[in-house]
Ligand code: B12
Ligand code: SF4
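Residue numbers (the numbering used here): 8 to 613.
This is the structure we're talking about:
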């Protein structure tokens, strides 16, 4: 059981506002999501910041994005856009309910739709309590109120529903990728939730549950529903989604032990349905599209004769070209990927860059060589630089390459990506169960090697969180920032120091960080995070050089890594995999051509 956080800034009694009941008696089924998960502007980063910053830092967001709370409505007051999860619940329900019985609205508009007729209020949530990787760790580093902004707004939503004068008439059903957090914290009563659904809304079990709720039957606390096993059963939104999210794949296939989405079947969704959903978004006023996936590179190669980790270049180029060339699509952002495909097929990365950069809203003026300084920034898991740890938790993360070569795959992949103006956000897990100082040192070595080679990724360290249903669910790593060792702190602070590199080029940048970091430490952080945090923070501030800190024995400076080149990595592949390589990338292994020729002969004979 996870201990829920308290939110001192939040007083539910402020919610006792009375409204006129809706003239039509309200809708039978009202769908909603926390405001912070529904907003559609300012790109992915604002939602990630809302999930990671504590509520007392909300002012930072307010200053940077003064209009972030402004949302758009349809003429009837319903939400113009909603997270893709809400849209699919809506679509699933419309298979057996009339459209005027179902509505999706923003939290502030709930009173316009919840009335005496309402029987179900369904909430879709991504991360309601912030007890997941990066979201939890950053708020806890900053201490006092550990409540992430997103959790504050999620609680606000639940309190509004709880305070409804019609609460006794309807059931509250929660679903989405963050539903498990309510189960694990047992906050059903506090949040006034009747039932949490684990799984997809397409399932007939979900419809059955809504039927029971409408009839006023008691609901179980948790319902697990099945994931569709084939691509045709997955529904697509035909209205506008937040950030234009349209699903591209489910599952992954690399089988990392800590991963939730990999538990779903590996499916790549049909292109015609993806395109319909893209066009539907545009029709409803969206100018941006993002394909949701765990690994964009498996699309077009699922259940084919070629292993999924050799990307289908033609299929991917065709799909992405059609998306960005759809009239009305002005912006496109990437979601998640893995890094090995960049080593396998660098030309694919180049071709995708040519197609995607012109429509990318991301600009990194100090990093990008694109004429308009555009960049692509998918989220990629690096997780650890320790081969020993990688073997334990993610032995297939780098396939077709051996996990023994993981640091080389990361460095080579990043080189290819950076050359093509891809600057990924890369996550690292700190405090894995059984992680030793030696493991952390190897990760620090890899991070220094990234720096030494002039490569760039936003490195996002987070503390290991055992996620529900995964093969590491019962394992415990570090649970509080005070437990972090000096090396683990050093790794975290070094990552952040490197992330700020592009911001350090101004004359005032380095000075601002020095003063700011030390000021924060004196004010608050030294008490919160304990003595192991002190020297890594001095390193982060840059007030004492890393060389001097190392001489003083206060930090570990990392040793150069001996890594394989792309040619050496390709040469390390098993001969049976050579047939899937693309010769136009070069670096082909010795003996490749005879094999290719033999394959061509066999093909001709067949
Ligand atoms: C796109 C995406 C984002 C985008 C956009 C999110 C948005 N608001 O639309 C961005 C980049 C902003 C984002 C941010 C974050 N994300 Co995110 N994101 C995704 C991703 C890739 C796709 C989500 C999606 O839209 N899927 C498609 C829809 C259709 O699926 P769905 O929402 O799950 O809905 C289905 C079911 O859950 C169910 N369902 C949904 N709602 C409901 C409601 C009811 C009542 C019922 C019955 C059923 C139901 O039915 C739907 C299908 O029919 C997923 C990975 C994944 N493949 O799901 C990660 C994922 C959800 N994100 C994750 C995380 C950790 C985060 C962040 C915390 C990261 C961070 N530290 O910044 C933040 C949190 C943001 C916030 N506001 O709190 C984790 C969730 C882990 C968890 N909660 O346990 C995931 C699973 C990624 C991962 N590999 O771990 N994310
Ligand atoms: S590569 Fe990513 S999505 Fe795939 S199993 Fe590993 S963590 Fe999960």
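For glycine and all other residues, C-beta sits at the position ideal for the given N, C-alpha and C.
Extent of the continuous alpha helix (DSSP H) run through residue i
{"i": "residue 379", "result": "Segment: none, residue 379 is in no alpha helix (DSSP H) and carries neither H nor E."}
{"i": "residue 159", "result": "156 to 169"}
{"i": "residue 189", "result": "187 to 192"}
{"i": "residue 297", "result": "That residue, residue 297, is in no alpha helix (DSSP H); its beta strand (DSSP E) goes 295 to 299."}
{"i": "residue 284", "result": "278 to 290"}
{"i": "residue 118", "result": "117 to 120"}
{"i": "residue 454", "result": "444 to 459"}
{"i": "residue 338", "result": "Residue 338 -> not in any alpha helix (DSSP H); beta strand (DSSP E) instead, spanning 338 to 340."}
{"i": "residue 506", "result": "493 to 506"}
The ligand GTP heavy atom lying under 8 Å from the CB of residue i
{"i": "residue 52", "result": "Among the ligands in the structure shown, the ligand GTP does not appear; only the ligand B12 and the ligand SF4 can be found there."}
Residue range of the unbroken beta strand (DSSP E) whose run includes residue i
{"i": "residue 178", "result": "178 to 182"}
{"i": "residue 331", "result": "Per DSSP, residue 331 belongs to no beta strand (DSSP E); it is in the alpha helix (DSSP H), 320 to 331."}
{"i": "residue 239", "result": "Looking at the DSSP string, residue 239 is not in any beta strand (DSSP E), and its letter there is neither H nor E."}
{"i": "residue 423", "result": "Element bounds for residue 423: not the beta strand (DSSP E) but the alpha helix (DSSP H), 413 to 426."}
{"i": "residue 433", "result": "432 to 437"}
{"i": "residue 351", "result": "Per DSSP, residue 351 belongs to no beta strand (DSSP E); it is in the alpha helix (DSSP H), 347 to 351."}
{"i": "residue 467", "result": "465 to 470"}
{"i": "residue 615", "result": "Residue coverage of the chain in this structure runs from 8 to 613, which leaves residue 615 outside it and unanswerable."}
{"i": "residue 390", "result": "386 to 390"}
{"i": "residue 197", "result": "Segment 195 to 198 is the alpha helix (DSSP H) holding residue 197; no beta strand (DSSP E) there."}
{"i": "residue 590", "result": "Careful: residue 590 lies outside any beta strand (DSSP E) and carries neither H nor E."}
{"i": "residue 254", "result": "252 to 254"}
{"i": "residue 131", "result": "127 to 131"}
{"i": "residue 309", "result": "Neither: residue 309 is in no beta strand (DSSP E) and is coded neither H nor E."}
{"i": "residue 267", "result": "Where residue 267 is concerned, there is no enclosing beta strand (DSSP E), given that its DSSP letter is neither H nor E."}
Residue from the options with nearest C-alpha to residue i
{"i": "residue 223", "options": "98, 211 and 180", "result": "180"}
{"i": "residue 62", "options": "188, 410, 161 and 313", "result": "161"}
{"i": "residue 354", "options": "379, 319 and 343", "result": "319"}
{"i": "residue 229", "options": "266, 313 and 182", "result": "182"}
{"i": "residue 94", "options": "39, 126 and 46", "result": "39"}
{"i": "residue 309", "options": "242, 369 and 238", "result": "238"}
{"i": "residue 571", "options": "417, 73, 290 and 375", "result": "417"}
{"i": "residue 34", "options": "379, 350 and 123", "result": "123"}
{"i": "residue 291", "options": "249, 261, 254 and 326", "result": "249"}
{"i": "residue 156", "options": "311, 60 and 242", "result": "60"}
{"i": "residue 396", "options": "200, 444, 469 and 206", "result": "444"}
{"i": "residue 208", "options": "401, 159, 130 and 556", "result": "130"}
{"i": "residue 390", "options": "466, 111, 105 and 204", "result": "466"}
{"i": "residue 344", "options": "77, 420, 135 and 279", "result": "420"}
{"i": "residue 581", "options": "495, 568, 453 and 409", "result": "409"}
{"i": "residue 36", "options": "89, 128 and 52", "result": "128"}
{"i": "residue 88", "options": "47, 260, 267 and 58", "result": "47"}
{"i": "residue 402", "options": "265, 73, 321 and 242", "result": "265"}
{"i": "residue 7", "options": "351, 82, 334 and 497", "result": "The first residue shown for the chain is 8 and the last is 613, placing residue 7 beyond what the model contains."}
{"i": "residue 366", "options": "412, 346 and 295", "result": "295"}
{"i": "residue 173", "options": "121, 507, 226 and 287", "result": "121"}
C-alpha gap between residue i and residue j, whole angstroms
{"i": "residue 175", "j": "residue 271", "result": "36 Å"}
{"i": "residue 211", "j": "residue 380", "result": "48 Å"}
{"i": "residue 188", "j": "residue 588", "result": "43 Å"}
{"i": "residue 193", "j": "residue 217", "result": "22 Å"}
{"i": "residue 100", "j": "residue 221", "result": "12 Å"}
{"i": "residue 152", "j": "residue 503", "result": "Note that residue 152 scores a pLDDT of 45, beneath 50, so its modelled location is shaky; the value from the coordinates is reported in the next line. Roughly 22 Å separates the two Cα atoms."}
{"i": "residue 515", "j": "residue 407", "result": "The pLDDT assigned to residue 515 is 48, lower than 50, so where the model puts this residue is not dependable, and the model offers no usable value."}
{"i": "residue 269", "j": "residue 255", "result": "14 Å"}
{"i": "residue 311", "j": "residue 597", "result": "27 Å"}
{"i": "residue 86", "j": "residue 470", "result": "35 Å"}
{"i": "residue 285", "j": "residue 549", "result": "46 Å"}
{"i": "residue 438", "j": "residue 540", "result": "15 Å"}
{"i": "residue 141", "j": "residue 573", "result": "In this prediction, residue 141 has a pLDDT of 46, which is less than 50 and means its spatial position is unreliable; what the coordinates show is noted afterwards. Residue 141 and residue 573: Cα-Cα distance of roughly 31 Å."}
{"i": "residue 590", "j": "residue 356", "result": "15 Å"}
{"i": "residue 608", "j": "residue 584", "result": "Confidence at residue 608 is low in this model, with a pLDDT of 49, below 50, so the placement of that residue is unreliable and no value is reported for it."}
{"i": "residue 567", "j": "residue 452", "result": "7 Å"}
{"i": "residue 459", "j": "residue 564", "result": "12 Å"}
{"i": "residue 6", "j": "residue 185", "result": "Summary: the structure shown does not reach residue 6, with the chain confined to residues 8 through 613, and so no result is reported for it."}
Check your understanding: Whole beta strand (DSSP E) runs in the region 27 to 98 with 3 or more residues, listed along the chain?
Key -> 36 to 39
Review point. Where are the beta strand (DSSP E) runs, 3 residues long or more, that stay fully inside the region 206 to 231, in chain order?
Key: 229 to 231
Check your understanding: Counting Cβ pairs closer than 8 Å, one from the region 57 to 73 and one from the region 109 to 123, do we hit at least three?
Key -> no
Point to revise | Sufficient close CB pairs (3 or more, under 8 Å) joining the region 317 to 331 to the region 381 to 401 | key: no
Exercise for review: Kindly confirm or deny that the region 290 to 310 and the region 253 to 273 touch, where touching means at least three C-beta pairs closer than 8 Å.
Suggested key: yes
Point to revise | beta strand (DSSP E) runs wholly inside the region 532 to 579, at least 3 long, in chain order | key: none
Exercise for review: Decide if the region 369 to 380 is in contact with the region 238 to 247; the criterion is three or more beta carbon pairs, one per stretch, under 8 Å apart.
Suggested key: no
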